[in-house]
Amino acid sequence: MTATNEKMRIDMWFLGIAIVVLGTGIVYMVTGAPGPIEEPEARAPGPALGVDAGAAVAPVARAAPPPDRRVRPSLPALPERRIADTVSIAAQSPDPEAEPDAQDTDTQPDSSASISAAAGAMRPVVGAIRRYHASPEDKRRAMIAALSESGASREPWTREADAVFASWRSALQGDAAGAATLGQARCYQDGCAVEVRFASSAAYEAARKQFHRLGPGVSSLGGRVQTPPEELGDGQLVVTWMALRPDERSR
Numbered sequence: 001m002t003a004t005n006e007k008m009r010i011d012m013w014f015l016g017i018a019i020v021v022l023g024t025g026i027v028y029m030v031t032g033a034p035g036p037i038e039e040p041e042a043r044a045p046g047p048a049l050g051v052d053a054g055a056a057v058a059p060v061a062r063a064a065p066p067p068d069r070r071v072r073p074s075l076p077a078l079p080e081r082r083i084a085d086t087v088s089i090a091a092q093s094p095d096p097e098a099e100p101d102a103q104d105t106d107t108q109p110d111s112s113a114s115i116s117a118a119a120g121a122m123r124p125v126v127g128a129i130r131r132y133h134a135s136p137e138d139k140r141r142a143m144i145a146a147l148s149e150s151g152a153s154r155e156p157w158t159r160e161a162d163a164v165f166a167s168w169r170s171a172l173q174g175d176a177a178g179a180a181t182l183g184q185a186r187c188y189q190d191g192c193a194v195e196v197r198f199a200s201s202a203a204y205e206a207a208r209k210q211f212h213r214l215g216p217g218v219s220s221l222g223g224r225v226q227t228p229p230e231e232l233g234d235g236q237l238v239v240t241w242m243a244l245r246p247d248e249r250s251r
């Protein structure tokens, strides 16, 4: 009896195992074999919390704005006032071809003047000549101020000023001969100046027409300049003669 019971227990154990194996096979057949496990797609790690992500990224360079291609209209030229008695200018040079003719600012056909290339651009007194002024008197005062503002000078060349101005007066002819009265010469860094008085407008007019055509033997240092006239109460006219410094062409 005991052996029989033991045999039945063993049979039941094998039967249980068989049932388990059979059930597992049925489940496998129904569900199919499990596929391979897919790993998640790798992604770039994001910025850590508390870190400025923008600090790790190189800034994007901004393109320079396109150039302004708008055509700017040129400013109109200022009107030039033509005054009958303005300025007479002359400069001596061993090479006359190097001296371009200056624009005639006088309505008289025989009052054209020439000016050296160096004297034409840099000196303040020349700038005062070319600027517009309301009257001949204003132009004369502006020219005198421009010369005096260069500062007083006692350089060796200034010792020739009196002789130079005297030679200009001596070179005048006709009604202008002996009609000019010279004052005291004053010298500055840019040249020397002297006040010249004429007894009448006729004497001045004669001198004005001759001033820029004085002979080549007349000393002029670096150049000759005559201001417009200013009328005095007694009928006289006063102008200022200027002898530019002799090294004008090299400055």
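For what it's worth, full-length UniProt numbering labels the leading residue of the sequence shown as 1, then goes sequentially.
Built from N, CA and C at the ideal position, the CB exists for glycine as well.
Computed from a predicted model, the values in this text were never measured in an experiment.
Within a 10 Å sphere around the beta-carbon of E231 sit fewer than 16 other beta-carbons, which makes this residue exposed. For the 8 angstroms CB-CB criterion, V196 and A206 do not form a contact. Comparing alpha-carbon positions, the option among V20, S150, D234, F198 lying closest to L244 turns out to be S150. Inclusion of L221 and Y188 in the CB contact set at 8 angstroms is not warranted, their separation being larger than that value. Secondary structure note for G191: its beta strand (DSSP E) is the uninterrupted segment 191-198.
DSSP places G223 outside any alpha helix (DSSP H); the residue lies instead in the beta strand (DSSP E), whose first and last residues are 223-226. Secondary structure at Y188: strand, using DSSP grouped into helix, strand and coil.
A contact is defined here as three or more CB-CB pairs under 8 angstroms, and the stretch 124-139 fails this definition with respect to the stretch 160-173. Considering only A145, P136, A177, C192, the residue with the shortest C-alpha distance to S153 is C192. A199 and Q236 do touch by the CB rule: their CB atoms are close to 6 angstroms apart, below 8 angstroms. Rounded to the nearest whole angstrom, the C-alpha separation of A185 and V194 is 4 angstroms.
Selection A202, G233, W157 evaluated against P246 yields W157 as nearest (Cα-Cα).
Going by DSSP, L147 is part of the alpha helix (DSSP H) stretching over 136-148. The DSSP-derived three-state label of L214 is coil.
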